[in-house]
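Residues in the sequence shown are numbered from 232 upward in steps of one, following the numbering used here. No residue lacks a Cβ here, since even glycine has one placed at the ideal position from N, Cα and C. For clarity, every value in this text was computed on a predicted model and none was experimentally measured. Worksheet for the structure shown next.
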Amino acid sequence: MGDQMQVIVEKLNQEPFRKNYNLISFDSLEPLQLLQLLSDVLGEIDPKHAVDIREELPEQTAKRMLNLLGILKYKPPGTVSDLSAFRQGLVTGSKAVIHPVLHWLLQRTNELRTRAYLARFLVKLEVPAEFLQDDTVADFNKQYEELMEAFKNLHKEHEQLKISGLSTAEIRRDISAMEEEKDQLAKRVERLKKRVETVQNHQRMLEIARQLRLEKEREESLAQQKQEQKSQLFHTEQRLQRAQVQLKEMQHMVADSKPESLMKKLEEEINFNSYLVNEKIPREMESKKTSVYFLQKLVAEPAMTQADLTALESEIEEVTAQMNQLIEKRIITYEPTDSKFSMYRQQASIISRKKEAKAEELQAAKEEMSSLEKQVEQKNSQAHELGGSEVLTEDEFKQYVSRLRSKNTLYKRKRQEVAEITAEYGILQRTEELLRQRHQATQQQLQAIEEKKGISGYSYTQEELERVSAVKSEMDEVKGQTLDNMSEMVKKLNAMVAEKKASLAPVIKELRQLRQNCQELTQECDEKKMQYDSCAAGLETNRSALEQEVKGLLEECAQEESNYRYINCMKRSLEVQLQRAKEEMKAYVSPEPQERRRAVREQYTRIILEQENLGKKLREKQKVVRESHGPNMKQMKMWQDFEKLMECKRECFLKQQNQAAIGQIIQEGGKDRLVL
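What follows is the structure in structure tokens.
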């Protein structure tokens, strides 16, 4: 209780209450002040309840608070008898009633504020069935329910937008940035237009650019369609391959199996599916429905505290213990130890559990197989996108192994040939090295002989002369070919220039004429444009005036239509009231007593008579009470005097007993002293 009061005081001292209470001042509040405080808290949740309770009757205050607490789904603790005590405590301002209510309200103010706001629009009006028989009332009720559903959807969207984090400030910033970008783009477009207007044939160029843009967009759309068709073709090929693989598997199964084995497999599959449909799935559905029911019931209840959870756990333990005791009693009573059926029942339960476990394992294996098949399809698609090969089937893998073996033998033969060529290359390298050594020795001998003869360097000079003469002859040939090519190229270029001049002469003449025509057309276009602008301005003013007139007429039409609908509704309501008055008059004038009893006048007359009789009885009772009031008060005073007299006698008796006990203690003390 102290923790509860501490939480209440802390919440009341915060915004928006700011009461500046402490535990002592809060505990010393009077019942009327407590009720006003509860009304203020309820007014913070729902502004309609922000009233001064001194301006309304206690019954009205209690009714108003109880209605709002019911809307907020507050459940007072205790049984039905405690509910009446709760209502009485709410009227009298009892602390034991108001403190828990304040604690519950202050802990979830924001949530309850939202709930109270929604209750204004989502609490459905209960319309009697006899009124719903009227078509107008039924239509209005249906429209009311549709508007309620629309409000629910709009509120959900509003909450989702709140959660999404988008704020009005960010949206305004985005809009302002987009408007700035729009202005910049408009200025840029204007600059480009001014630059383009100075270029000749700019309209034709703009048309060509527009066509180019359209063709590019068309090219992109065609490329996208091509990509989509490729993906569709790839998926179709995959489905075809899977179908072919399944067909091969079925063919192998049909080829390797017999009708008896196929029928046996089908019977097993049918038995398994029938077990799932008839036993397993209904049981799971029942358990799911039960859990959903309990979850809905749990959601409908208010939030539970730790104390409630502890109480529920203790209650669950008690119920479990009682169940175990009842099961033991049942086993002792109905299943003695020497029963012959206990063993069979145990075996049947074990078999049923094993059956359920195997069915679950089979279902899990099927789900795993389907997931693995999906993964294989994904891997195939990824391999196809990356340009790799698809997963091979068994036959294709066998063919691949046979091709690999043949390539392996070919690789071994080629490797042997390479080894032979490598050995021969080594021999040739050794031969080359020997010949080079012989050449060097011969060169050394030749130089020695040249030095002896006095003509050293003769052989080297001769080789250089031969090499230079060979290079010179090659360069001469290249120069001659280059000169011939250049002369031929010059002739060709001259011929091409002459042809182009001849072909372009008439085109140049036409171009000059076209330029003159273009200048004339440009002047004419400017004049027409000025005329068009003036005409467009006049038409725009006329159009704006007509739009204003049409807008005024539409508003007038809407006003007249609303007046018509209002008058029509009033007419229907008056017709309904007239019809009710006619029925009432018909029932009142009818000679049949049953019809007259159904009349409202007769009902109210009967109720008035009953109330008059009740008033007479109450007046008689009041008269009896007034007559017996004097003697009763006198008798009550006599009883009070008698009670005071008896209380005085009791006090005297107690004092006498105390004095006797004190004297006895004093006498015993004197005796002890004499003995000493």
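Local conformation of residue i per DSSP, three classes
i    : result
V820 : helix
Y252 : coil
S522 : helix
Y305 : coil
Q895 : helix
N244 : helix
G657 : helix
D277 : coil
V430 : coil
Q364 : coil
E815 : helix
V358 : coil
G861 : helix
E261 : coil
L288 : coil
V807 : helix
G685 : coil
D234 : helix
D405 : helix
S325 : coil
V282 : coil
R746 : helix
R636 : helix
R584 : helix
R318 : helix
R908 : This structure does not reach residue 908, given that the chain is present from 232 up to 907, and the question cannot be answered.
R796 : helix
R344 : helix
R881 : helix
Spatial neighbours of residue i in its chain, beta-carbon cut-off 7 Å, leaving aside the 5 residues before and after
i    : result
F371 : none
K250 : L243, N244
G685 : none
H334 : Q235, V238, I239
C-beta atoms of residue i and residue j nearer than 8 Å
i    : j    : result
K608 : Q469 : Note on residue identity: the sequence assigns Glu, not Lys, to residue 608. Contact: yes.
L265 : M296 : no
A347 : L378 : no
V322 : P289 : yes
A590 : L507 : yes
Q415 : C749 : no
L343 : I239 : no
G324 : L363 : no
V332 : Y305 : yes
T367 : R803 : yes
M236 : L254 : yes
L593 : F525 : no
F352 : F317 : no
D365 : V855 : no
Close beta carbons around residue i, own chain, < 6 Å, minus the five adjacent residues each side
i    : result
K479 : none
Q888 : none
I284 : L266, Q267, S270, T292
Q890 : none
V311 : Since pLDDT at V311 reaches only 43, below the 50 mark, its modelled position is unreliable, and the value read off the structure follows with that caveat. No residues qualify anywhere along the chain.
Nonlocal neighbours in the same chain, by C-beta distance under 8 Å from residue i, ignoring five residues either side
i    : result
K418 : none
R832 : E815, Y819
T568 : Any reading at T568 needs caution, since the residue's pLDDT is 46, under 50, leaving its predicted position unreliable; the model's value is listed next. Cβ within range, chain order: n/a, list empty.
V354 : I302
Y375 : L356
Anticipated Cβ contact below 8 Å, residue i with residue j, distance rounded
i    : j    : result
E604 : K511 : Not confirmed; about 23 Å, so no contact.
L299 : H280 : 6 Å
L349 : H389 : At roughly 11 Å, the Cβ-Cβ gap does not stay under 8 Å, so L349 and H389 are not in contact.
Any chain B beta carbon closer than 8 Å to residue i
i    : result
E287 : Here chain B cannot be found, since the structure has a single protein chain.
Exercise. Which full runs of the alpha helix (DSSP H) of 4+ residues lie inside the region 462–517, going along the chain?
Worked result: 490–506
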